[in-house]
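Protein chains in written order, with my numbering: chain A, 1294 to 1514; chain B, 1294 to 1514.
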DNA sequence: GACATTAGTAACAACCTGTTACTAATTGTG
DNA sequence: CACAATTAGTAACAGGTTGTTACTAATGTC
């Protein structure tokens, strides 16, 4: 059995879908599979750095490289893993929304409506989603959930998604410009009805006061 | 060789010493040891939760339970570990200062003057210390570096230690009371010269706005 | 008793945030 | 074409928060 008693690398890949976060799962057709879906994973390879394995697994599952990927901790504690791994190193990743369907045998599930999972995968997903919210103020998670250019309304929607509350437009934009995180392009996007919105790109230009690295926590009521 | 090719649990235990942070190391007298000191560590045991192993290793090395202990990630990537572990799960811990000497064969080193270490332990220490500074605004790290009661000047000194910059007394105290994190005892401590200081205890009473769990980042210029 | 030293607080100005209310540019509808 | 509906973007004000200075309080030292 692959991975038995060894270590595994398991990926929690997130994307925005509508007003919710979605997580990528892979169909598990293994003979002894007790759940239909599992996180993308692979046995750890001693000759390959953990981050590299994670990048590879994420890319294979999602069909494209994750825009951001970072370790989310080690999980063991005798809870069942789909491949029987003794210990699993979880990675948390993020990728922009795509309209085309995911690769065969994979599916995006809303974060608040997950399928039945092996106990360890359930624990990993919960921990990873909690970390996503905690880490968004020190890593450009919100920007990596969007494509190269985006409207400020798009960006605000992502922040609202991650924070779980509504923000006020004026103060959101004010603190955004104060943080020197985005710069305008000269393109505009018309979303059907209403005034077209200017497109921006992520372009951090300044260490907010220089105190302990860049920050991404944007206020806004 | 113990731990060979398996997983290990490695502890980075910190304590305040003067105006600096110190990290605990254990003398490594192993036959094949290439460095004199190493982090407290133990092979991982599949039958024991990771957190429990970590608690045990930290307690044995320091002579008392860590006041706070939390996982800091998994490290592998072919860098040499003192016990030859394929993968190491690092834990970051914190304990109040003690005047009595540490257990035999252990020693506190200033964080900015570490001994020569096995490559993986060097990487783990650097990552753990960075995390200590990042996590202090979501975990009561500063309070766990102090004993059950402390003066506000003590607390301010710990925050300054962690942040690496001086804070202003008035605004530090103002934001501290606004956060409802401490409550006064009716004891006072005289530190030699100067007015005696009131002792406080850590007593979080309120979720700062209720937004995403308690916070511990105190401002103060 | 004067002085040095540390603890603790009051008060003010400058800045920042939350909010409201406005203007601007587009699509859809009669 | 006029006008409502809708979304984008900005101005401006009130109230709160922060950084800073300056003060008072309590102790040990000379």
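In this text, a Cβ means the ideal position worked out from N, Cα and C, and glycines have one as well.
Output yes or no for whether 8 Å exceeds the beta carbon distance between residue 1390/A and residue 1303/A. The residue given as residue 1390/A occupies position 97 in the first chain. The residue given as residue 1303/A occupies position 10 in the first chain. No, they are not a contact pair.
For residue 1377/A and chain B, any beta-carbon pair shorter than 8 Å? Translated into positions along the first chain, residue 1377/A becomes position 84. No - not a single Cβ of chain B is within 8 Å of the one on residue 1377/A.
Near residue 1426/A, what residues of its chain come up, given a Cβ to Cβ distance below 7 Å and the 5 sequence neighbours on each side ignored? One-based indexing of the first chain puts residue 1426/A at position 133. Closer than 7 Å at Cβ, skipping near neighbours: 1455.
Buried or exposed: where does residue 1315/A fall if 16 or more other Cβ atoms within 10 Å of its Cβ makes it buried? Counting from 1 along the first chain, the entry for residue 1315/A is found at position 22. By the 10 Å Cβ count, residue 1315/A comes out buried.
Consult DSSP for residue 1507/A and reduce its assignment to one of helix, strand or coil. Stepping through the first chain from its first residue, residue 1507/A is reached at position 214. Three-state DSSP puts residue 1507/A in coil, outside helix and strand.
According to a CB-to-CB cut-off of less than 9 Å, which residues of the segment 1352-1375 of chain A neighbour chain B? Those residues of the segment 1352-1375 of chain A placed with their C-beta closer than 9 Å to a C-beta in chain B are 1364, 1365, 1366, 1367, 1368, 1369, 1370, 1371, ordered along the chain.
Assign residue 1330/A to one of two classes, buried (16 or more other C-beta atoms within 10 Å of its C-beta) or exposed (fewer than that). Start at 1 with the first residue of the first chain, and residue 1330/A comes out as number 37. Its Cβ being crowded by 16 or more others within 10 Å, residue 1330/A is buried.
Going by DSSP, what residue range makes up the beta strand (DSSP E) through residue 1335/B? Translated into the one-based positions of the second chain, residue 1335/B becomes position 42. Element bounds for residue 1335/B: 1334-1336.
Chain A residues whose Cβ lies nearer than 7 Å to that of residue 1426/B: By one-based count along the second chain, residue 1426/B stands at place 133. Simply 1505.
On the DSSP bridge assignment, give the partners of residue 1386/A in chain order. Within the first chain, numbered from 1, the residue matching residue 1386/A stands at position 93. Bridge partners of residue 1386/A: 1306/A, 1362/A.
Using 8 Å as the cut-off, can you tell me whether the segment 1376-1386 of chain B makes contact with the segment 1305-1320 of chain B, which would need three or more C-beta pairs spanning the two stretches below that distance? yes
Under 8 Å, do residue 1451/A and residue 1439/A count as touching if we go by C-beta distance? The sequence position of residue 1451/A within the first chain is 158, counting from 1. The sequence position of residue 1439/A within the first chain is 146, counting from 1. Cβ distance < 8 Å, so residue 1451/A and residue 1439/A count as in contact.
Decide if residue 1441/B is buried, meaning its Cβ has at least 16 other Cβ atoms within 10 Å, or exposed. As a working mapping, residue 1441/B is identified with position 148 in the second chain. Classification for residue 1441/B: exposed.
CB contact check: residue 1431/B to chain A, cutoff 8 Å: Here residue 1431/B refers to the residue found at position 138 when the second chain is read from its first residue. Chain A, which has a Cβ nearer than 8 Å to the Cβ of residue 1431/B, makes this yes.
Residue range of the alpha helix (DSSP H) that includes residue 1462/A: Taking the first residue of the first chain as 1, we reach residue 1462/A at position 169. Residue 1462/A -> alpha helix (DSSP H) spans 1462-1471.
Taking just the CA atoms, how far does residue 1463/B sit from residue 1335/A? The residue you call residue 1335/A lines up with position 42 of the first chain. The residue you call residue 1463/B lines up with position 170 of the second chain. So the two alpha carbons sit approximately 53 Å from each other.
Closest to residue 1474/A by CA distance: which of 1370/A, 1319/A, 1430/A, 1489/A is it? The count along the first chain starts at 1 and reaches residue 1474/A at position 181. Comparing Cα-Cα distances from residue 1474/A to each of 1370/A, 1319/A, 1430/A, 1489/A, the minimum goes to 1430/A.
What does residue 1451/B touch in chain A if you count any residue whose Cβ is under 9 Å from its own? On the second chain, position 158 is the one that residue 1451/B refers to. The contacting residues do not exist; residue 1451/B stays about 16 Å from chain A at best.
Closer than 7 Å, Cβ to any Cβ of chain A: which residues of the segment 1381-1401 of chain B, in chain order? Against chain A - using a Cβ distance shorter than 7 Å - the residues of the segment 1381-1401 of chain B are 1382.
In the DSSP output, what is residue 1491/B paired with across the bridge? Counting from 1 along the second chain, the entry for residue 1491/B is found at position 198. Bridge partners of residue 1491/B: 1481/B.
Taking all protein chains shown into account, do 16 or more other C-beta atoms lie within 10 angstroms of the C-beta of residue 1301/A, making it buried, or fewer, making it exposed? Indexing the first chain from 1 puts residue 1301/A at position 8. Buried.
C-alpha gap between residue 1399/A and residue 1416/A, whole angstroms: Counting from 1 along the first chain, the entry for residue 1399/A is found at position 106. Counting from 1 along the first chain, the entry for residue 1416/A is found at position 123. For residue 1399/A and residue 1416/A, the distance between alpha carbons rounds to 20 Å.
Count Cβ pairs between the segment 1394-1408 of chain A and the segment 1338-1350 of chain A that sit closer than 8 Å; are there 3 or more? no
Proximity winner among 1499/A, 1392/A, 1317/A, relative to residue 1247/A (alpha-carbon distances): Limits of chain A in this structure are 1294 at one end and 1514 at the other, which puts residue 1247/A out of reach.
Would residue 1438/B count as contacting chain A if we go by Cβ distances under 8 Å? As a working mapping, residue 1438/B is identified with position 145 in the second chain. No, its Cβ sits nowhere closer than 8 Å to a Cβ of chain A.
Quick check: the segment 1400-1414 of chain B against the segment 1311-1327 of chain B, are at least 3 beta-carbon pairs closer than 8 Å? yes
How many Å lie between residue 1424/B and residue 1370/A at the Cα? Counting from one through the second chain, the residue named residue 1424/B turns up at place 131. Counting from one through the first chain, the residue named residue 1370/A turns up at place 77. For residue 1424/B and residue 1370/A, the distance between alpha carbons rounds to 23 Å.
Below-8 Å beta-carbon distance, residue 1343/A vs any chain B residue: Numbered from 1 along the first chain, position 50 holds the residue referred to as residue 1343/A. It does; some Cβ of chain B falls within 8 Å.
Please list, in chain order, all residues of the same chain as residue 1295/B whose beta carbon is under 8 Å from its beta carbon, the five residues on each side excluded. Counting from 1 along the second chain, the entry for residue 1295/B is found at position 2. Low confidence applies here, because residue 1295/B scores a pLDDT of 46, under 50, leaving its location unreliable; read the following figure in that light. Excluding sequence neighbours, residue 1295/B sits near 1336, 1376.
DSSP puts residue 1444/A in a beta bridge; with which residues? Mapped onto the first chain, residue 1444/A falls at position 151. In DSSP, residue 1444/A forms a bridge with 1492/A.
Please list, in chain order, the residues of the segment 1315-1339 of chain A that have any C-beta partner in chain B closer than 9 Å. 1337, 1339
So who's on the other strand from residue 1372/B, going by DSSP bridges? Taking the second chain and counting its residues from 1, the one referred to as residue 1372/B is at position 79. Its beta-bridge partners do not exist; DSSP assigns none.
Limits of the alpha helix (DSSP H) - the one that residue 1321/A falls within: Translated into positions along the first chain, residue 1321/A becomes position 28. Note, residue 1321/A: premise wrong, no alpha helix (DSSP H); not H, not E.
Hey, could you find the ends of the beta strand (DSSP E) residue 1403/B is sitting in? Residue mapping note: residue 1403/B aligns to position 110 of the second chain, counting from 1. Here the beta strand (DSSP E) through residue 1403/B covers 1399-1403.
So, are the CB atoms of residue 1412/A and residue 1466/A less than 8 Å apart? The sequence position of residue 1412/A within the first chain is 119, counting from 1. The sequence position of residue 1466/A within the first chain is 173, counting from 1. Between residue 1412/A and residue 1466/A, the C-beta gap is not smaller than 8 Å, which leaves the two residues out of contact.
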